[in-house]
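According to my numbering, the stretch in the sequence shown is residues 101 to 399, in order. Working notes for the structure below.
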Amino acid sequence: MSSDSRLNRAYENAKVIPFDNNSKFILFSDCHRGDNSFADEFANNRNIYFHALKFYHSEGFQYCELGDGDELWENINFASLFEAHKNIYKLLKQFHLEHRLHMIWGNHDMVYKDEDYVKKHLSSYFEPIEDKDKALFEGIKYHEAIILKHRDTQQEIFLTHGHQADWWNYTFWRWGRFLVRVLWKPLQVWGIADPTSPAKNYTELIKVERRIKKWILKNSLKVTVVGHTHRPRFPEPGDIPLFNDGSCVHPRSITGIEIEKGNLSLIKWQINTTDDGTLRVVRILLEGPQKLKDYLEKS
101 MSSDSRLNRA
111 YENAKVIPFD
121 NNSKFILFSD
131 CHRGDNSFAD
141 EFANNRNIYF
151 HALKFYHSEG
161 FQYCELGDGD
171 ELWENINFAS
181 LFEAHKNIYK
191 LLKQFHLEHR
201 LHMIWGNHDM
211 VYKDEDYVKK
221 HLSSYFEPIE
231 DKDKALFEGI
241 KYHEAIILKH
251 RDTQQEIFLT
261 HGHQADWWNY
271 TFWRWGRFLV
281 RVLWKPLQVW
291 GIADPTSPAK
301 NYTELIKVER
311 RIKKWILKNS
321 LKVTVVGHTH
331 RPRFPEPGDI
341 PLFNDGSCVH
351 PRSITGIEIE
361 KGNLSLIKWQ
371 INTTDDGTLR
381 VVRILLEGPQ
391 KLKDYLEKS
């Protein structure tokens, strides 16, 4: 199956969420939440991420995670991730209870496309203090893609992970998971990166982006937001509308895309030092805000 076919299938089977100019969304991907071990790249940014998540929750945003939220290649089960980052998962639970949590699976958490697996591992957790199971993400559904569809203009924003344009990490993800667990995870100690990952291989990154751009050109210049490559992208109106929200495992920062008041913005959260030496987590606007309607589809 070609990249086009995989992207077409993801689009055709996508969950559709209506929205308007009063709606607010934050798009994050590639958190790669791990077990807080030496190989957990997310651990360095977990306080930044938690602070940002609290902000978006209190401000009434809906949360869309565009795949690879959980690192289930390096780690065998969800329980170890939950124990490492319990405060984050409990906050995500609040989004879920308020119907503001929308999850997409990527190659590193592709097991979540199995509804039985999700129900078994994510529905509840064991609370040792109370010596009983407690509800976590009861009834949650993971999707390959989501379409945000504007109620007034009918304009769409296509959200997916982007590994559909990466045949190895889509078709042979089980082999990739095996190699990461037995080979690349131990080699991370020595600073040796996985060469099959487009986030760490520039040549592969360009190939993935080129394939998605070709799909967008064939599909009426549909606004598309992906992750996977970890490289933030925010095109100008008139360019091919391929956006990328970056990742939550950048050195000392996380990036995402906000949708608010009919505008798109690329943002970064990082720790800054004030003049008196106080450390503060701050939000920085990198690109935008740019009106969604400026990215017109071809009829």
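Ideal Cβ positions, reconstructed from N, Cα and C, are used throughout, including at glycine.
W205 is positioned such that its CB atom lies closer than 8 Å to that of K213.
DSSP lists H350, Q370 as the beta-bridge partner residues of S353. Per DSSP, the beta bridge partners of Y163 are I126, L201.
Residue environment for S347: buried (at least 16 other C-beta atoms within 10 angstroms of its C-beta). Its Cα nearest to that of D394, the residue P337 stands out among P228, P337, T253. CA-CA distance, G160 to H328, rounds to 26 Å.
Put simply, the backbone Cα of Q254 is about 21 Å away from that of R200. A direct Cα-to-Cα measurement between S158 and V382 gives close to 16 Å. The C-alpha of I371 is placed about 12 Å away from the C-alpha of G377. Of the residues assessed, Y225 falls on the buried side of the cut-off, its CB having 16 or more other CB atoms within 10 angstroms.
When rounded, the separation of the alpha-carbon atoms in G262 and V323 is 13 Å. With a cutoff of 8 Å on beta-carbon distance, E183 and A139 are scored as not near each other. Excluding residues up to 5 positions away in sequence, P332, G346, K368 lie with their Cβ nearer than 6 Å to the Cβ of T355 in the same chain.
If the five residues before and after H221 are omitted, its C-beta is found closer than 8 Å to the C-beta atoms of N177, F178, A179, all from its own chain and listed in chain order. Rounded to whole angstroms, the gap between the alpha carbons of Y189 and A235 is 12 Å. V349 is positioned such that its CB atom lies closer than 8 Å to that of E141. Around the beta-carbon of S129, 16 or more other beta-carbon atoms lie within 10 Å, marking it buried. Put simply, the backbone Cα of E360 is about 10 Å away from that of L392. Counting the other Cβ atoms within 10 Å of the Cβ of V280 gives 16 or more, which makes it buried. Counted as a single uninterrupted DSSP element, the alpha helix (DSSP H) harbouring A179 occupies residues 178-184. Short of 6 Å from the beta carbon of D170, and not among the five residues preceding or following it, lie these beta carbons of its own chain, in chain order: R133, L181, D209.
The beta carbons of Q162 and H196 sit no closer together than 8 Å.
Here E230 is exposed. Its C-beta has fewer than 16 other C-beta atoms within 10 Å. Relative to I126, the option among L166, I148, N147, Y111 whose CA is nearest is L166.
Take the alpha-carbon of M101 and the one of L107: they are about 10 Å apart. Apart from the 5 residues on each side of it in sequence, P389 sits with its Cβ closer than 6 Å to the Cβ of N363, S365 in its chain, given in chain order.
Counted as a single uninterrupted DSSP element, the beta strand (DSSP E) harbouring H250 occupies residues 245-250. Burial state of N187 is exposed, judged by a 10 Å Cβ sphere holding fewer than 16 other Cβ atoms. Exclusion of the five residues before and after N136 leaves A143, A184 as the residues of its chain whose Cβ lies within less than 6 Å of its Cβ.
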